[in-house]
Structures are given as C-alpha cells and as structure tokens.
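These notes are about the structure you will find just below.
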Amino acid sequence: MSKIAELNETVELRIGDKSFPFPVITGSENEKGIDIGPLRAQTGYVTLDSGYKNTGACKSAITFLDGELGILHYRGYSIEELAEKASFIEVAYLLVNGELPTKEQLNSHVLGLKAQNALPEGMGAFINAMPKSMHPMAMLSATTVALSGFYPASDDDYTPEKVARTMDRLMGNFSGIAAAIYRKGQGEQLLQPDNRLDYVGSFLQMMYGALGKEYTPDPIVNEALNTLLILHADHEQNCSTSTVRIVGSSHANLYASVAAGITALWGPLHGGANQEVIEMLEQIKADGGDTAKWILKAKDKDDDFRLMGFGHRVYKNFDPRARIIKKACDSILAKLGINDPVLQIAKDLEEAALNDEYFKSRKLYPNVDFYSGIIYRALGIPTEMFTVMFALGRLPGWMAQWKEMRDGGEPIGRPRQIYTGETSRPFVAIEHR
1 MSKIAELNET VELRIGDKSF PFPVITGSEN EKGIDIGPLR AQTGYVTLDS GYKNTGACKS
61 AITFLDGELG ILHYRGYSIE ELAEKASFIE VAYLLVNGEL PTKEQLNSHV LGLKAQNALP
121 EGMGAFINAM PKSMHPMAML SATTVALSGF YPASDDDYTP EKVARTMDRL MGNFSGIAAA
181 IYRKGQGEQL LQPDNRLDYV GSFLQMMYGA LGKEYTPDPI VNEALNTLLI LHADHEQNCS
241 TSTVRIVGSS HANLYASVAA GITALWGPLH GGANQEVIEM LEQIKADGGD TAKWILKAKD
301 KDDDFRLMGF GHRVYKNFDP RARIIKKACD SILAKLGIND PVLQIAKDLE EAALNDEYFK
361 SRKLYPNVDF YSGIIYRALG IPTEMFTVMF ALGRLPGWMA QWKEMRDGGE PIGRPRQIYT
421 GETSRPFVAI EHR
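Each residue of the sequence shown is one higher than the one before, counting from 1 in our numbering.
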C-alpha cells in the first residue's frame, strides 16, 4: 500500500508580484516532492525538465532506491536479502501483489504459471517465419505484442481474475519466447517447457536441452541465473518502466504495454549496456589484450574511450546489485572453468578498477551490467541476446508497474513542451517559394 504524507509544508513560486503556494508531498522513505499539478491552470506556466530527471511522474509503492547510499528495496525488502533467500517467482509475486506469498499461495501461483506456460499453437511458426537477420529484441517485442492476437479476450476484461490470468500467461510464455528466439538463432528446434523443473530450470532446459532427452540444469548455473533475474526485476521509474506506464495509461493492454517497454529497453543507453561491455572487451582483445593500456586511455580526459559497465547514472556509490552478482559470477567462472581470453580481460579490468585510486575516488566501480555480461558470455549466450535476458528478469516489474498504474486510476500521460519553432506565418504558393 502506498504511504504518502501530505504535510502542511508548502513551497511558494513567485511570478512577478504574485505568489503561488504548492504542497510538499513526503513519501514513506522521507523523499520529498513538490506537487505542481495545478501549476499551469493557476499560472499559465509549465516546468521544463529534459529527460524528466527531476520529475516524479507517479506515486509508486513498488521499488525504492537511494543512489547516494546504494540502497535498493522491493516492497520494503532489501535486494540483498531477497537475492539470498528468495526465488525469482517469489520476487515476481511480491512485486505484482505487494506481499511475499505463503507456501500455499506460492504453490498455487507456480501451478498457475505451469498451466499457462506452453506457447500457443502457431507461435513457433510465427517466430520461425521472422528473418534470421532480425535482432532478438525486435523478435521479442513483435512476439509479445502478437500474444494479444493469440489471446484476444484479454483485451476486453479488467477484472482481477482476468488480469491475474493474463499475467500468468505472459510470465509463462515469455520464458518460452526468449528461449525460442535463442534456439532459432542457433538453428535448433524449439522445445516446450519441462514442468518437472522450476521456472529457471525449465527456461534453461528450453534453451539448452535436446529433443527427447531429459535435461538436468547445473545447480550453480540455475542459482546464478535466479539471482540475476531477481536483481533485474525492477528498478523504479527508468526509461522502459516509464514507457510501460505511459503506454498503459492509454488503457493499452498488458501485451502492448510490455512490448513498448521492450523496445525502450533495447537502446544501448538502457538495457543494451551489458552488450556494450562485451563489445568493449572484444575490442581490447583485438588490440592485443593489454588492459593497462586501456586503463590509461580511460583515465585520459582527452581520449573518448570510456569503460563500459563501470559507474552508474543513479548509484553514486557502489551498485548494490553488483556486490551480489559478483559472487554468482565468480562461482560460475570457477564451476565452468572456461578458458576465454575475453573473460580474463574482464577480470583484469575488474581488479584494476577496484584497486586503482583514480576509479575508487570517482566511485567508478563495476556495476550489474559488467557482471551480467560476463555471466551471459560464460553461459554461451550470444551478445545480441543479452538484452532479451534482461527483459526476462524485468518482466515482473513491468507487470507490477502497469497494474499499479491501472489500479490507481492514473490519467493518460500527456507531457507538455516549450515550443521553439517558427511563429505564425502566411502560406506561400509553390510557384513563389
């Protein structure tokens, strides 16, 4: 439940000789915001905040983060505790429903997911019909929005029961779609889920299994992927989440809203960051693998080279997710014993950055994108599939944010602008232009 305190505190805006008071809203973690809802009606003015860096677009009870202190909470639970003790499905349930499930609720939820996880008839042919040159994120977005055609009745009813069924269906289908996109790229036949396995294990089976053969996931890989999905499950009002909410505010269905979030996540400044990490490492390898040289380039203010996967635009301290996933990364590399020069370069860069005063003083620590890229590389996942894996983890957060927006009756999103174009001018006939 959202906990908002509207105190007597106000902020006054002076325009000429007039003063306009606006209330201060205080959140449950003592975050403060100025409610400027009536600003334009009262003054004729709007605010200008390019990129919405200082604009609270909604009130949300789902995720809290403090970039200065390196804090990330889902529904009040620390990311450290959830990553250590919970399953990804428990965290997904928490994000969507507001509370961790009881044993009975979890069992019922798992059964609901398994009942809805087989791809609908015709979906495999739809995926296989896409051109091989199509980017996996384009496939994921197109396939997700196409689900509304496979399940058209989900567009018409917003009862809690129908929404829960639609979410189960999307959550179940999403892992199968992601695995099918991978297998298409590998030229392999698509597999249906194995309901003897848990959610993560079944996904790994659909990725790496063989037709007609029983698949047993490596427990270390299963646990590491479970952790990584939890760490990606939500992250407050980022680009893709805000996209899901604003598209959903038009009352677009869940599939269309999530598909819009996928396309937002695709961008290299958002979900594509872990792909850029591997591309950077490949660049260093192609240059001979001298990490010391590239560390010096990163320090040189006149050099346009930047280390990908270090520092974070929100966290001004260490990314709390990076501390957690580093352990999983180390476990996977030790377990698999991979002899990959690119991964060795990554370890060398990590050691240099964690011990170099230049990076420490600027708090340029390895972030979650750095370690997730290494894990995906170690698992043999193609670089262009990395953002699909990110989307698989982020899906519960998108669904939770969409549901919160609809349940809260938020109005359709409609940002304003400051117009900077030509002023009124007469039309000129074409023979006189």
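All C-beta atoms in this analysis are idealised placements derived from N, C-alpha and C, irrespective of residue type, glycine included.
Bear in mind the structure is a predicted one, so any value in this text is a computation, not a measurement.
What are the uninterrupted segments assigned as alpha helix (DSSP H) that are 4 or more residues long and contained completely in the region 92 to 129, given in chain order?
Correct list: 103 to 115 and 123 to 128.
For D407, which of helix, strand or coil comes out of DSSP?
helix
Thinking C-beta only, is L211 closer than 9 Å to L191?
yes
Could you spell out the range, first to last residue, of the alpha helix (DSSP H) harbouring F20?
That residue, F20, is in no alpha helix (DSSP H); its beta strand (DSSP E) goes K18 to T26.
Go through its chain and collect everything with a Cβ distance to T144's Cβ below 8 Å, but skip five positions before and after it.
L170, F174, I177, Y255, V258, A259 and I262
Return the CA-CA distance between H270 and A264, expressed in angstroms with no decimal places.
8 Å
Per DSSP, R75 forms a beta bridge with which residues?
In DSSP, R75 forms no bridge with anything.
For the beta strand (DSSP E) that contains D490, what are its first and last residues?
Nothing about residue 490 can be read from this structure; the chain reaches only from 1 to 433.
Any contact between the region 387 to 406 and the region 221 to 233? By contact I mean 3 or more CB pairs, one from each, below 8 Å.
With the cut-off at 8 Å, the region 387 to 406 and the region 221 to 233 touch.
From this set, V342, L364, E350 and I34, which residue's C-alpha is nearest A378's C-alpha?
V342
Nearest candidate by alpha-carbon position, reference E68, set P38, K327 and V314:
For E68, the nearest C-alpha among the options comes from V314.
Taking all protein chains shown into account, do 16 or more other C-beta atoms lie within 10 angstroms of the C-beta of D300, making it buried, or fewer, making it exposed?
exposed
Since K32 is in the beta strand (DSSP E), which residue starts that stretch and which ends it?
Run containing K32: K32 to I34, per the beta strand (DSSP E) assignment.
Complete alpha helix (DSSP H) runs within the region 276 to 302 (minimum length 4 residues, chain order)
Within the region 276 to 302, the complete alpha helix (DSSP H) segments of 4 residues or longer fall at 291 to 299, listed in chain order.
Short of 6 Å in beta carbon distance, which residues of its chain neighbour N117, apart from the five on each side in sequence? Order them along the chain.
G172 and P193
Leaving out five residues on either side along the sequence, give the residues of the same chain with a beta carbon under 6 Å from the beta carbon of V46.
These residues qualify, in order along the chain: R40 and R416.
For the structure I just gave you, are there three or more beta carbon pairs, one from the region 328 to 336 and one from the region 212 to 229, closer than 8 Å?
yes
Give every residue of the same chain whose Cβ lies closer than 7 Å to the Cβ of Y371, excluding the five residues on either side of it in the sequence, and list them in chain order.
A322, I325, K326 and C329
What residue from S202, A352 and N97 has the CA that sits closest to D407's CA?
N97
F359 - containing alpha helix (DSSP H), residue span
E357 to S361
Would you check if the distance between the CB atom of S60 and the CB atom of I71 is smaller than 9 Å?
no
State the start and end residues of the unbroken alpha helix (DSSP H) segment that holds H270.
Here H270 belongs to no alpha helix (DSSP H), and DSSP marks it neither H nor E.
Please report how far the alpha carbon of V244 lies from the alpha carbon of W398, in whole angstroms.
Distance between the alpha carbons of V244 and W398 is about 7 Å.
Just verifying my parser: in three-state terms, what is the DSSP assignment at I412?
coil
Out of D157, H135 and E121, state which residue places its alpha-carbon closest to the alpha-carbon of L147.
E121
What does a CB cutoff of less than 7 Å around G112 pick up in its chain, not counting 5 residues either side in sequence?
D168
Since R14 sits in a beta bridge, which residues does DSSP pair it with?
S19
Between I62 and Y358, what straight-line distance do the alpha-carbon atoms span, to the nearest angstrom?
36 Å
Reference Y182, options R414, H432 and I381, closest by Cα
I381
Enumerate in chain order the residues of its own chain whose CB-to-CB distance from A346 is below 7 Å, with the five nearest sequence positions on each side excluded.
L281 and I374
Roughly how far, in whole angstroms, is the beta-carbon of G309 from the beta-carbon of D356, given that I think they are within contact range, below 8 Å?
Rounded, the Cβ-Cβ distance is 15 Å, inconsistent with contact.
List the endpoints of the continuous alpha helix (DSSP H) containing T47.
Element bounds for T47: n/a, residue is neither H nor E.
Along the chain, where does the alpha helix (DSSP H) containing I381 start, and where does it finish?
Counting along the chain, I381 falls outside any alpha helix (DSSP H), and DSSP gives it neither H nor E.
In this structure, how does DSSP classify F310 when only helix, strand and coil are distinguished?
strand
Can you give me the C-alpha to C-alpha distance between M123 and A129, rounded to a whole angstrom?
C-alpha separation (whole angstroms): 10 Å.
For K285, which residues from the same chain have a beta carbon less than 8 Å from its beta carbon, with the 5 sequence-adjacent residues on both sides left out?
Result list for K285: P341, V342 and I345, in chain order.
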